[in-house]
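Take a look at the structure set out below.
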Amino acid sequence: MAPNQQPTFPLRFLVDKDKNRIVMAEVSANVMNILFSFLTLPLGTIIQLLSKLQDKQKEIGCINNLYQSVKNCSDQVFWNQICQRMLLYPRNPCEALCQKLKLKVDDSEPTKYFMCSTCLWSNGWLLSTFAGARCSCGKLMDKEMKLHGDSGEETHGDGVFVKDGTRYLIFDDLKVLQSTPGNSIQKLLQLGYKNINKLSDKSQRLDLNKILNILNQALTSKTPLSHALLENGESKQKYTFSPKHGPKNKNWIYKLNITVRKSQKKILYAEAEGEFVDFLFSFLTTPLGSIIKLLNGNSSLGCVDNLYNSVKGLNPSWFTGSSGTPLLDPQVAPQFGCWKQPLKLNEEATPSYWYGTGVIKNNIGYSNGNGVISKKKSLISNPNAMKLFEPRSPDGTKEISMGFVRRPSLFVVWDDLKVTPLANNSSIEFVQKLNVPLDDLEEHVVSIGETEALNLLGASLTSNSKAALTEGLFYLLNKPKEEIKA
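Encoded structure:
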């Protein structure tokens, strides 16, 4: 294979010729690892990857509007340009594992490490995992360092997520089983096929474009393999989102002013401060697997729930790693989370880093004039604890995380989750552009806690009518006013 040529993989599948549908496919561990890696991808990465498909790209509810809003915002909206890039190109929490895939779906650059070439120790051994960070001396931290002794993850044996040498049956709805004759027969009978000779035996080579097409269709279609590989028409999946009604909201995180169009019984927009907008933008940095976990395996996104639940159903011994697979809860990459998070969503713990003058091998020290950094103190000579640059703050050299957008700040969040900064915008001009009878508008104040945040997340993923606020929060207006504001 030429150096720049992408690998391809054989795919064998059975087709129902009458329905032009894939009934069952058999794949190797290499292909299964690639498909399971979908669960580690943050939503912002998925949107960025699928944009390569151009006119074939499916929209994920209102999430595409959120992504475009970040793109359209001036960098003055954020603490710095790094914050904006973090949302547009979020880091995969399983980055090191995904680097081992035979074909990398996520083409993001691996994490790089930077120090100030002038200060080194005088700034407290400051380290940044983002290009473009500025040291406390005002200079760019542009001295790139190589991380020593980092295998990325604990050795996951042979394989990435599942072990090498295993084979899998995958069905048109992305349900996955171990490949055994018994599973093949049982599943074909369940699907109504008594005679395998009535199915055509086909094969294709899977390349990156076809893998991206499967991901694209998996988010909207109930038969993504057929749509992606047989080009079986357009998938037009309709979702009905029903918000969950939780107990009276005592532990609210945000207060939100929403404006309702009374005649249409819908939310027109919400006025929100930076903390709430940070929460919305953090959807982009959250991996697909973590979102499905938050929604109890029922995101209603095409067939990805089936892929997620198949991980639960497979024999644990077929997965790599002694501490269980990360696929069921990939978590948010370090420094990519929301500071004031109403959801039970974990940000991966930030590693400790050490700076030394050399490396230690077989109990012997070897000096390095450039200096060495490592996550393991025992691997380097004369180790000094490092301080990590925090981009989500006014001064990343000395302050803790405050979020992605500047404070104080005010935004308009529209029903379809387009976000507009209000800084330097005229309120009079804003009302004029609404072009709505003023007596048709009604303002409410609602409290957002965990239940409301989950409803908003679910609606943002599946809203066909591009009305995430209405579908996720309008039910609150039917409660007594004292309960809404509680």
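Sequence positions in the sequence shown follow the numbering used here and run 1 to 486.
Ideal Cβ placement from N, Cα and C applies to all residues, glycine included.
Check                                                                                                  : Outcome
K146, DSSP secondary structure in three states                                                         : coil
D75 in three-state terms, based on DSSP                                                                : helix
Under the three-state DSSP convention, the category E471 falls into                                    : helix
Cutoff 7 Å; reference W252; Cβ partners in own chain excluding five residues on either side            : S447, I448 and G449
DSSP state of V413 mapped onto helix, strand, coil                                                     : strand
C-alpha distance - L208 paired with F9, whole-angstrom precision                                       : 10 Å
The stretch 391-399 contacting the stretch 128-137, beta-carbon criterion three pairs below 8 Å        : yes
Distance between L314 and S409 (C-alpha atoms, nearest Å)                                              : 47 Å
Neighbour-count burial assignment, L438, 16 or more Cβ in a 10 Å radius                                : exposed
One or two residues paired with P243 in a DSSP bridge                                                  : In DSSP, P243 forms no bridge with anything.
Cα-Cα separation, L229 to K210                                                                         : 7 Å
Which residues DSSP lists as bridging S381, in chain order                                             : G358
Terminal residues of the alpha helix (DSSP H) in which F279 lies                                       : G274 to F281
Simplified DSSP state of D127, which is helix, strand or coil                                          : Here residue 127 turns out to be Leu, not Asp, going by the sequence shown. In the structure shown, L127 sits in a strand (DSSP, three-state: E or B).
G246 burial status per 10 Å Cβ neighbour count (16 or more: buried)                                    : exposed
Rounded Cβ spacing between L327 and L88 (contact assumed at less than 8 Å)                             : The Cβ separation is near 24 Å, so there is no contact.
Cβ-Cβ separation, V413 to L469 (assumed contact under 8 Å), whole Å                                    : 7 Å
Nearest to R91 (by Cα), restricted to the options L345, V436, P330 and Y366                            : P330
Given D16 as reference, the closest of P421, R205 and S200 once Cα atoms are compared                  : S200
Burial state of T155, where buried means 16 or more other Cβ atoms lie within 10 Å                     : With a pLDDT of 49 at T155, under the threshold of 50, the modelled position of that residue is not reliable, and no figure is offered here.
Contacting residues, own chain, Cβ-Cβ under 7 Å from L101 (five flanking each side not counted)        : N33, I34, S37 and V160
Helix, strand or coil at L422 [DSSP, three-state]                                                      : coil
CA-to-CA distance, G274 to Q84, given in whole angstroms                                               : 14 Å
Residue range of the beta strand (DSSP E) that includes T259                                           : Y254 to R261
Three or more C-beta pairs below 8 Å linking the stretch 41-55 and the stretch 172-180                 : no
Among Q5, V162 and I373, nearest to S310 - alpha-carbon criterion                                      : V162
Contiguous alpha helix (DSSP H) assignments of at least 4 residues, all confined to the stretch 46-117 : 63-72, 81-88 and 95-98
Beta-carbon separation (whole angstroms), Y168 vs L147, contact threshold 8 Å                          : About 34 Å; that fails the 8 Å criterion.
Span separating the alpha-carbon of T285 from that of L345                                             : 11 Å
Per DSSP, cross-strand counterpart(s) of V27                                                           : Y168
Check whether S282 and W79 have beta carbons under 8 Å apart                                           : no
Start and end residues, alpha helix (DSSP H) containing T372                                           : Note on residue identity: the sequence assigns Val, not Thr, to residue 372. Counting along the chain, V372 falls outside any alpha helix (DSSP H), though it belongs to the beta strand (DSSP E) covering I364 to S374.
Alpha carbon of D75 to alpha carbon of G458, nearest angstrom                                          : 29 Å
Sub-8 Å separation of L280 and V419 beta-carbons                                                       : yes
Y353 vs L388 beta-carbon contact at 8 Å                                                                : yes
Which of helix, strand or coil DSSP assigns to L456                                                    : helix
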